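With the working numbering applied, the sequence shown corresponds to residues 1412 to 1648, in that order.
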Amino acid sequence: MTRTVQYRELAHVIKQSIDDGQFRLTGKLPTEDNLMKLYGVTRYCVRNAVAVLQESGDVYPVQGSGMFVRENKREGCLSLGQTRGLSAEFPGKTVQSTVLSLELEPVGDALASRLKCKASDMAYNVQRLRLVDGLPLALERSTYLKRFIPYLSEEIAQGSIWEYLRNDLGLNTGFADKVLYADRLSSAEAEALGLNAGDPCLVVEDDVYLANGEMFDASRVVYHYERAKFFTLADLK
């Protein structure tokens, strides 16, 4: 297990504890030393996990007083500041993925420049319908370069691809460039989302990179305009 995966796993565990109200009485996280003892991890792991939570807006520092838990004013919102998988955005809800297609094929000219690769490079093209509590939320089309993701099956794609990439493949994911814009649904998109062709939609395009700066995933996600809300943390310093 790599260090990166370990501190991200710790961040996920602490986030679950926050959602469960474990720190509601004090309103803040335990000290670094106490977190180290509680989870049996290094100071490096604790600091990086807390940094992940701070970046996602789950905690904030108060000088001399510790790391405080933010009140949840964004229930049901998707984070624009992170790409951590849909399952992590809706704790307590049932997140399902219906795989509409999964093909291993050359990237092609249209995506080669975006993925910074050759048109002949092989990639997994995945199209999934994402549902929350049985209702369609998003139609997702993603392209994963095979040289970074050597294997991807329909069974894996029905679950959390992000957990597979980080926990099973141990990929050291780094950052994502996001573009958010409004569009109108095509006939196929409308049918998948249970809407009408020409209805408005929210689109997020992600270019996702490893920590070493190599891009491995390009995606386009079309969201149901009545069900999708987005959240981002603004730094006012």
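Note that beta-carbon positions come from the ideal geometry of N, C-alpha and C, so glycine has one too.
Small disclaimer: the values here were computed from a predicted structure and weren't measured.
Check	Outcome
Beta-carbon within less than 8 angstroms of Gly1487's beta-carbon, same chain only, minus the 5 sequence neighbours each way: which residues are those?	Phe1501, Lys1640
Quick check on the burial criterion: 16 or more other C-beta atoms within 10 angstroms. Buried or exposed for Val1473?	exposed
Where are the alpha helix (DSSP H) runs, 4 residues long or more, that stay fully inside the region 1447-1488, in chain order?	1454-1466
Between the C-alpha atoms of Gly1570 and Ser1508, what's the straight-line distance to the nearest angstrom?	6 angstroms
Starting from Glu1514, trace the beta strand (DSSP E) in both directions and tell me its first and last residue.	1506-1517
Got a sec, what are the start and stop residues for the beta strand (DSSP E) Ala1593 sits in?	1584-1595
Looking only at its chain, what residues have a beta carbon closer than 7 angstroms to the beta carbon of Arg1481, apart from the 5 residues adjacent to it on each side?	Gly1468, Asp1469, Val1470, Tyr1471
Compare the beta carbon distance of Val1518 and Cys1528 with 9 angstroms and say whether it is the shorter of the two.	yes
How far does the alpha helix (DSSP H) with Ala1645 in it reach, from first residue to last?	Premise fails: Ala1645 is in no alpha helix (DSSP H) and is neither H nor E.
Per the DSSP calculation, Pro1547 is bridged to which residue(s)?	Leu1542
Which whole-angstrom value describes the C-beta separation of His1635 and Leu1604, a residue pair presumed to lie in contact below a C-beta threshold of 8 angstroms?	5 angstroms
By how many angstroms is the C-alpha of Asp1444 removed from the C-alpha of Val1461?	13 angstroms
Could you check if Arg1577 is buried or exposed, using at least 16 other CB atoms within 10 Å of its CB as the buried criterion?	buried
Could you check where the alpha helix (DSSP H) with Arg1525 kicks off and where it finishes?	1520-1526
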